[in-house]
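A.B. asks:
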Amino acid sequence: PQEIVSGESEEESNGVNLMEFSDEILLHILSYVPCTDLVLNVRRTCRKLATLCLDKSLTHTVLLQKDYKVNKDKVKQLMRDIGKEISQLNMAGCYWLPSSTIDHVTRCKNLVKLNLSGCHVTSLRLSKMLSTLQHLRSLAIDVNPGFDASQLSSECKATLSRVSELKQTLYTPSYGVVPCCTSLEKLLLYFEILDRSREGFMLSGQLMVGESNVPHYQNLRVFYARLAPGYVNQEVVRLYLAVLSDRTPENLHAFLISAPGSFAETGATKNLLDSMARNVRLDALQLPKAWINGSGLLQHLKFNNPFYFSFSRCTLSGGHLIQRVINGGKDLKSLTSLNLSGCVHCLAPESLFRKAEDDIDSSILESLVVSCCNLKHLNLSAAHHHSSESIGNHLCQLLSRLKHLLSLALPVCSITDVAANVEKPPTASNLVPQTFGRKVRIGIQTYPRNLADQANQKIESSVFWALMGSLRFLETLEIIGSSFSSAMPRNEPAIRNSLPPCVRAQSVGDSEVAAISQLTYLQSLTLAQLPNILTGSGLISIGLQCQHLRTLSLANLGMMGKVVYMSALMDMLKHCKCLRDLRLEQPYFCAGAQFFQALSHCSSLQRLCIVSRSGTLQSDAVMSFMANCLEVIMCHMFMGESLTVCKNLQQSIVRSFQADRPALNVVIFPLLHEDLTEVIRDVPMRHLDEITLFKSRVAEEPPNLWW
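Read in UniProt numbering, the sequence shown has 671 at position 671, and its numbers run on one by one without any break.
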């Protein structure tokens, strides 16, 4: 025993004592620790930490939005200990907390910002809470069926009258608390109203017409509305816009409406846009495609120092983009985020006689790159952007000039080498790698185990390899097939057939994926519909080199009748220690023991979603995985198994792990079952929007839209 003690003393004397660091360094270290751990655990270890953990720099802002281990008791204790010190509280997406948890927020008398999106809050509870928060200036809430504004007290309405920033997610036709917020400067509206109730009754947006009050927009600077599919959402947003059309706020500088599908322009919206063209100068703009297509609106709108444009799914031609938006390069150095997703003609001079698959005009892209040299977020997905054979004018070569890019979304067909396609069409024979010392069967490619082997394949000479090498600080990358559509659309039955990939995309495969491994700081990666994946060898390189990867989404890679990259994927997962979200969409995917054993190496994994037509799973392997990966709180699997198998496994997971994981959300259901849409509507919006549903997320919203 004496020897052990002396050994420990010697180790302590030679080592570094954490408590000897300066307070500044310790505070910086502690800033990475969740607030609940700081207050409820760390501060009880010693006197010095007890003092530091209560420093204002650590208690000023409390973020619980992805603290999946927090429960009602922890929130209660946290509010009791530091409630008076909290100025900003973010509980967004804490769907697992009971509504009574909100009662403890009343201890935070000095709250300025509060985010309760995704939390269960009734009208009465909201009224009681807001009545005590006299300093509140920023609020985010959900408006659910049963919300009754008449239950809000006069003290609550007084608080709301001082709120300048409001984010409101609507699950029922209502103005919510908007009429009470008479000082609004920023209004964010998310419309998630279904066309039918759970009982099957058709809903109508006209239910809200009888409300006595109307919104107050006179001080509005930012108006943002995002609509889920459905005609009711369109009806309701028109009622919000009706007030804007009467009198456009003079200080409006950001006007954004994100609407899927067809959202027709009306007389009221046309009056609104005409008024905006006359009276305001915008910094951010997004409009439904029907409001822009075929109109001269962009020619008349005035811009100040624009930082965000979204022309998603518009038929805007490159000529109009250059003339009416970029304006010859004037005042566009301020633009940091640009969404041209689904703009099939945006890189062509005109769209009248052009086919979507025709080559792009590189001079238009070059003008865009030169004019918007400070772009950080660029989305060019969901279109065929084919480069010509002109040397030096490939899309990848031009984009490599954008040195500030942090996120990028491209169609698969845009990254292929034109010369390679012209000289050597992709065939099974010329796609087999050159190896020495052993024979290789056609179609069974041996994949390199390290970057040196891949270098031997001479893939560094490709334009995409060069692009990846030039964007060293890229954090988010999406490479999505221009004709890809997920098997799980929002409010419809699962898609049974998918469109074939673009002809230009046929040669994109393992070597292009390997090029992505150059992105040392990559945090989020999406790959969809890469037809020439033969083994998935590039995935291993990404796992080895991209050690910051937190989100991975793979869909329809290689041939559709077989998961050809399974072995490489399992090798990759063994190196993904920081991976938190994994989404896999592939027909005939076998979620068996070997896969889940490899996935168990992802010690940080929190959310898993597998979508597989005719896919299979092994229940025992899933249970073992859940037992080994203690951080997993979301498990969504939509496979080809029977309803009985799915229900039994779901119940087993919930029964075994719900008690220790309060945020656990499990949905296991047959992909092609007729009741899939009913099951989807019960998934918490945080998971549904961030991982379960497939979509391009680059430049989807303006940066820093909400805190």
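All residues carry an ideal CB built from backbone N, CA and C; glycine is no exception. Just so you know, these numbers come straight off a predicted model, no measurement behind them.
Residue range of the alpha helix (DSSP H) that K270 falls in?
C.D. replies: Mapped onto the sequence shown, residue 270 falls at position 270. Counting along the chain, the alpha helix (DSSP H) containing K270 begins and ends at G267 to N279.
A.B. asks: Looking at C-beta atoms only, is the number of pairs between the stretch 307-319 and the stretch 335-346 that lie closer than 8 Å three or more?
C.D. replies: Judged by Cβ distances under 8 Å, the stretch 307-319 makes contact with the stretch 335-346, as three or more pairs qualify.
A.B. asks: Quick check on E423: buried or exposed, where buried means 16 or more other Cβ atoms within 10 Å of its Cβ?
C.D. replies: Here residue 423 corresponds to residue number 423 of the sequence shown, with the count starting at 1. In this predicted model, E423 has a pLDDT of only 44, less than 50, meaning its place in the structure is not dependable enough to derive any value.
A.B. asks: From M129 to E165, what distance separates their C-alpha atoms?
C.D. replies: For the purposes of this step, residue 129 is taken as the residue at position 129 of the sequence shown. For the purposes of this step, residue 165 is taken as the residue at position 165 of the sequence shown. Roughly 17 Å between the two C-alpha positions.
A.B. asks: In whole angstroms, give me the CA-to-CA distance for L664 and Y231.
C.D. replies: As a first step, residue 664 is located in the sequence shown; it is residue number 664 there, counting from the start. As a first step, residue 231 is located in the sequence shown; it is residue number 231 there, counting from the start. Computed Cα separation, rounded: 33 Å.
A.B. asks: Tell me the DSSP secondary structure of F186 in three-state form.
C.D. replies: If you number the sequence shown from 1, residue 186 lands on position 186. The question names Phe, but residue 186 is Lys in the sequence shown. Reduced to three states, the DSSP call for K186 is strand.
A.B. asks: Does chain C have any CB closer than 8 Å to the CB of D689?
C.D. replies: Protein chain content of the structure displayed is limited to a single chain, and chain C is not contained in it.
A.B. asks: Are M468 and A515 close, meaning C-beta to C-beta below 8 Å?
C.D. replies: Counted from its first residue, the sequence shown places residue 468 at position 468. Counted from its first residue, the sequence shown places residue 515 at position 515. Yes, Cβ-Cβ distance for M468 and A515 is below 8 Å.
A.B. asks: Just curious, the beta strand (DSSP E) that H384 is in, first and last residue?
C.D. replies: Looking up residue 384 in the sequence shown gives position 384. Unbroken run through H384: none, as it is neither H nor E.
A.B. asks: Does the Cβ of D246 lie closer than 7 Å to at least one heavy atom of the ligand NAD?
C.D. replies: With respect to the ligand NAD, the structure offers nothing, as it holds no ligand at all.
A.B. asks: Quick check on DSSP: helix, strand or coil for N628?
C.D. replies: As a first step, residue 628 is located in the sequence shown; it is residue number 628 there, counting from the start. The answer is helix: DSSP assigns N628 an H, G or I state.
A.B. asks: Would you kindly report the start and end of the unbroken beta strand (DSSP E) that includes R583?
C.D. replies: Here residue 583 refers to the residue found at position 583 when the sequence shown is read from its first residue. Per DSSP, R583 belongs to the beta strand (DSSP E) from D581 to E585.
A.B. asks: Would L136 and T159 qualify as a contact pair, given that the criterion is a beta-carbon distance under 8 Å?
C.D. replies: Translated into the one-based positions of the sequence shown, residue 136 becomes position 136. Translated into the one-based positions of the sequence shown, residue 159 becomes position 159. For L136 and T159, yes; Cβs fall inside 8 Å.
A.B. asks: Since Q547 and S517 are thought to touch, with beta carbons under 8 Å apart, how far apart are those beta carbons, to the nearest angstrom?
C.D. replies: Here residue 547 refers to the residue found at position 547 of the sequence shown. Here residue 517 refers to the residue found at position 517 of the sequence shown. At roughly 11 Å, the Cβ-Cβ gap does not stay under 8 Å, so Q547 and S517 are not in contact.
A.B. asks: Measure the CB-CB distance between L569 and G536 and report whether it falls below 8 Å.
C.D. replies: In the sequence shown, residue 569 corresponds to position 569, counting from 1. In the sequence shown, residue 536 corresponds to position 536, counting from 1. A contact, by the Cβ cut-off of 8 Å.
A.B. asks: How is I479 classed by DSSP in three states: helix, strand or coil?
C.D. replies: For this step, residue 479 is matched to residue 479 along the sequence shown. Of the three classes helix, strand and coil, the one that applies to I479 here is strand, per DSSP.
A.B. asks: Give me the residue from V508, H575 and T520 with the minimum Cα distance to I540.
C.D. replies: The residue you call residue 540 lines up with position 540 of the sequence shown. Per the Cα distances, H575.
A.B. asks: Counting Cβ pairs closer than 8 Å, one from the stretch 575-584 and one from the stretch 679-697, do we hit at least three?
C.D. replies: As far as the Cβ criterion goes, the stretch 575-584 touches the stretch 679-697, which means the pair count is three or higher.
A.B. asks: What separation, rounded to the nearest whole angstrom, lies between the Cα atoms of V121 and R504?
C.D. replies: Sequence index remark: in the sequence shown, residue 121 carries index 121 (1-based). Sequence index remark: in the sequence shown, residue 504 carries index 504 (1-based). If you take the alpha carbons of V121 and R504, they lie about 51 Å apart.
A.B. asks: Alpha carbon to alpha carbon, how far is D620 from Q650? Give it in angstroms, no decimals.
C.D. replies: The residue labelled residue 650 in the question sits at position 650 within the sequence shown. The residue labelled residue 620 in the question sits at position 620 within the sequence shown. C-alpha separation (whole angstroms): 12 Å.
A.B. asks: Candidates K69, I680 and D660: which alpha carbon is nearest F669's?
C.D. replies: Along the sequence shown, one-based indexing puts residue 669 at 669. When each option's Cα is compared against that of F669, the closest is I680.
A.B. asks: How many angstroms separate the CA atom of A528 from the CA atom of H385?
C.D. replies: What you label residue 528 is simply residue 528 of the sequence shown in a count that begins at 1. What you label residue 385 is simply residue 385 of the sequence shown in a count that begins at 1. Near 16 Å, if we compare the C-alpha coordinates of H385 and A528.
A.B. asks: Please go through the same chain and pick out, in chain order, the residues whose beta-carbon is closer than 6 Å to the beta-carbon of H300, but skip the five residues on each side of it.
C.D. replies: Sequence index remark: in the sequence shown, residue 300 carries index 300 (1-based). Only A277 meet the Cβ criterion.
A.B. asks: Grab the span of the beta strand (DSSP E) containing L527 for me, first residue to last.
C.D. replies: The residue given as residue 527 occupies position 527 in the sequence shown. Looking at the DSSP string, the run of the beta strand (DSSP E) that includes L527 is S524 to A528.
A.B. asks: With a cut-off of 8 Å on the beta carbons, I'd call V632 and Q606 a contact; round off their distance for me.
C.D. replies: Start at 1 with the first residue of the sequence shown, and residue 632 comes out as number 632. Start at 1 with the first residue of the sequence shown, and residue 606 comes out as number 606. Yes, V632 and Q606 are in contact; Cβ-Cβ is about 6 Å, under 8 Å.
A.B. asks: Where DSSP assigns a beta bridge to residue 710, which residues make up the other side?
C.D. replies: With the chain running from 1 to 707 in the structure shown, residue 710 is simply not present.
A.B. asks: Under a Cβ-count criterion, where at least 16 other Cβ atoms within 10 Å of its own Cβ denotes burial, should residue 708 be classed as buried or exposed?
C.D. replies: The requested residue 708 is not part of the displayed model; the chain covers only 1 to 707.
A.B. asks: Decide if N379 is buried, meaning its Cβ has at least 16 other Cβ atoms within 10 Å, or exposed.
C.D. replies: On the sequence shown, position 379 is the one that residue 379 refers to. Buried, because 16 or more other Cβ atoms sit within 10 Å of the Cβ of N379.
A.B. asks: Using C-beta distances below 7 Å, list every residue in its chain close to E390, excluding the 5 sequence neighbours before and after it, in chain order.
C.D. replies: Stepping through the sequence shown from its first residue, residue 390 is reached at position 390. Rather than Glu, the amino acid found at residue 390 in this sequence is Ser. Cβ within range, chain order: S362.
A.B. asks: With DSSP as the reference, please indicate the residues paired to Q286 in a beta bridge.
C.D. replies: Counting from 1 along the sequence shown, the entry for residue 286 is found at position 286. Answer is L256 and S310.
A.B. asks: DSSP on S604, reduced to helix/strand/coil?
C.D. replies: The residue labelled residue 604 in the question sits at position 604 within the sequence shown. Reduced to three states, the DSSP call for S604 is coil.
A.B. asks: In chain order, what residues of the same chain lie with their CB nearer than 6 Å to the CB of T59, ignoring the 5 residues before and after it?
C.D. replies: For the purposes of this step, residue 59 is identified with residue 59 of the sequence shown, where counting begins at 1. I82 and E85.
A.B. asks: Taking all protein chains shown into account, decide if C181 is buried (16 or more other Cβ within 10 angstroms of its Cβ) or exposed.
C.D. replies: In the sequence shown, the residue the question calls residue 181 occupies position 181. By the neighbour-count rule (16 or more Cβ atoms within 10 Å), C181 is buried.
A.B. asks: Along the chain, where does the beta strand (DSSP E) containing V369 start, and where does it finish?
C.D. replies: Counting from one through the sequence shown, the residue named residue 369 turns up at place 369. Note, V369: premise wrong, no beta strand (DSSP E); alpha helix (DSSP H) at S362 to S371.
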